[in-house]
Every structure is written in structure tokens, then in C-alpha cells.
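Q:
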Amino acid sequence: MLSSVLKISLALMALSLSAAQAQERPMLEIVWPKAGIIINLGDDPEKAIGVVVKSNFALRPAGQCGESRQCGHVHMKIDPDGDTCNIPGRPYNSMNSDFGGELIKARFGHCPVSTGTHVVGILLADDHHRPILVDGKPVTALVTVTTR
910 MLSSVLKISL ALMALSLSAA QAQERPMLEI VWPKAGIIIN LGDDPEKAIG VVVKSNFALR
970 PAGQCGESRQ CGHVHMKIDP DGDTCNIPGR PYNSMNSDFG GELIKARFGH CPVSTGTHVV
1030 GILLADDHHR PILVDGKPVT ALVTVTTR
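Note that the sequence shown ends on residue 1057 in the numbering used here; no numbers are left out.
1. Which value, in whole angstroms, describes the spacing of the CA atoms of Pro-970 and Met-985?
2. Would you check if the distance between the CB atom of Ile-1031 and the CB atom of Pro-935 is smaller than 7 Å?
3. Is it the case that the region 963-979 contacts the region 988-996, given that we only count it when at least three CB pairs across the two stretches are under 8 Å?
4. So what does Thr-1049 bridge to, in DSSP terms?
5. Evaluate the contact criterion for the region 974-989 versus the region 939-954: three or more CB pairs, one atom per stretch, below 8 Å.
6. Please state the DSSP three-state secondary structure of His-1019.
7. Assign Val-1043 to buried or exposed, taking buried as 16 or more other Cβ atoms, counted over all protein chains shown, within 10 Å of its Cβ.
8. Whole angstroms are fine: how far does the CA of Val-1029 sit from the CA of Ala-1015?
9. Just the C-alpha distance for Gly-959 and Pro-989, rounded to the nearest angstrom, thanks.
10. Answer yes or no: do Ile-939 and Val-1052 have a C-beta to C-beta separation smaller than 7 Å?
11. Determine the direct distance from the alpha carbon of Thr-1049 to that of Val-961, and round the result to whole angstroms.
12. State the start and end residues of the unbroken beta strand (DSSP E) segment that holds Gly-981.
13. Rounded to the nearest angstrom, what separates Ile-946 and Thr-1055 at their Cα positions?
14. To the nearest angstrom, how far is the alpha carbon of His-1037 from that of Gly-972?
15. Let me know the secondary structure DSSP gives Leu-937 once reduced to three states.
Below, the structure written as C-alpha cells:
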């Protein structure tokens, strides 16, 4: 027979493991556009398209997450290896921190050449715009598209 102290210890360990398993690893993916798709840009100056993302985080406006650790928003860059497609004076092309949600606007009109092959990159950020990290690396998703 197990002593009552050992039984209590095992029960507490089981509770701790259940709580740890309940916290999912942050996940982020681009649902649309699909990789390799050809996108016709509009005539507006921003040449914007909607990018739809999916995450196991609640995507809310910045400052609306409170104590929730599974909450944030996304920052987006076009051609994220550089800064040429960023909004002038900003370190990104777009973000959904004003409204939250799964839709973010990709503004190809900020790129030196809006048509051609581009990489759309998104980053999961916390309530304070800091990257969400897993194993020391930011949670990101990339998709390559062609615009015309």
C-alpha cells in the first residue's frame, strides 16, 4: 500500500502534467493565399490583398489579452529578409493589432516592384508586440506567391 503522502504527491504530479499538456505550443499558419498561387493585384495605390491566418492563439487587438498567455496578434512583412516592402518608417508591412482577428492586409504597393514573386511572412506577437518564442525562436509562417 502506498502511503498517503506518496498518493498525494502522485496526484499533484498528475495534475501538473495535465496542466502542462493543456497549454498547447503556439501555432501559426497562413490559410490564404496558398503557396505558389498567382494573385492579380488591384489598381489601388496599396495594391492590397487579404491574408488569412490561423492560430491556436486568440488573435485580439493589442492591449486586449489581459492575463491570457494564449493571446496576441500578428505582424506581417512582405519579403521578410529585407525591409523594402515595409510601410515607410515602420518595421513591418502590416499588422492586425488594431482589430485582431484572422485577416491581415498585405500592401504590395509599398514594394519597389509590386509584381513578381514575393514571400509573405507573419510573426505571432504578444500584447506588447514582442515575438512569441518556442524553443527560443519566434513563431512564424511563410508563403511564396506571385503577383501581377
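We treat Cβ as the ideally placed atom computed from N, Cα and C, and that holds for glycine.
A: Put simply:
1. Residue 970 sits at position 61 when you count from the first residue of the sequence shown. Residue 985 sits at position 76 when you count from the first residue of the sequence shown. Taking the straight line from one Cα to the other gives about 15 Å.
2. Residue mapping note: residue 1031 aligns to position 122 of the sequence shown, counting from 1. Residue mapping note: residue 935 aligns to position 26 of the sequence shown, counting from 1. Not in contact: Ile-1031 and Pro-935 (Cβ atoms no closer than 7 Å).
3. Output reads no: the region 963-979 does not touch the region 988-996.
4. Counted from its first residue, the sequence shown places residue 1049 at position 140. Partner(s): Leu-1032.
5. no
6. As a position in the sequence shown, residue 1019 is number 110, starting the count at 1. Here His-1019 sits in helix by DSSP.
7. The residue labelled residue 1043 in the question sits at position 134 within the sequence shown. Exposed is the call here.
8. In the sequence shown, the residue the question calls residue 1015 occupies position 106. In the sequence shown, the residue the question calls residue 1029 occupies position 120. Spanning the two alpha carbons is a distance of roughly 8 Å.
9. Taking the first residue of the sequence shown as position 1, residue 959 is located at position 50. Taking the first residue of the sequence shown as position 1, residue 989 is located at position 80. Spanning the two alpha carbons is a distance of roughly 17 Å.
10. Taking the sequence shown and counting its residues from 1, one reaches residue 939 at position 30. Taking the sequence shown and counting its residues from 1, one reaches residue 1052 at position 143. Cβ distance < 7 Å, so Ile-939 and Val-1052 count as in contact.
11. As a first step, residue 961 must be located in the sequence shown, where it is residue number 52. As a first step, residue 1049 must be located in the sequence shown, where it is residue number 140. The alpha-carbon atoms of Val-961 and Thr-1049 are separated by roughly 14 Å.
12. In the sequence shown, residue 981 corresponds to position 72, counting from 1. Unbroken beta strand (DSSP E) run through Gly-981: 980-987.
13. As a first step, residue 946 must be located in the sequence shown, where it is residue number 37. As a first step, residue 1055 must be located in the sequence shown, where it is residue number 146. Each residue's Cα considered, the two are about 6 Å apart.
14. Along the sequence shown, one-based indexing puts residue 1037 at 128. Along the sequence shown, one-based indexing puts residue 972 at 63. Spanning the two alpha carbons is a distance of roughly 7 Å.
15. Locating residue 937 in the sequence shown gives position 28, counting from the first residue. The answer is strand: DSSP assigns Leu-937 an E or B state.
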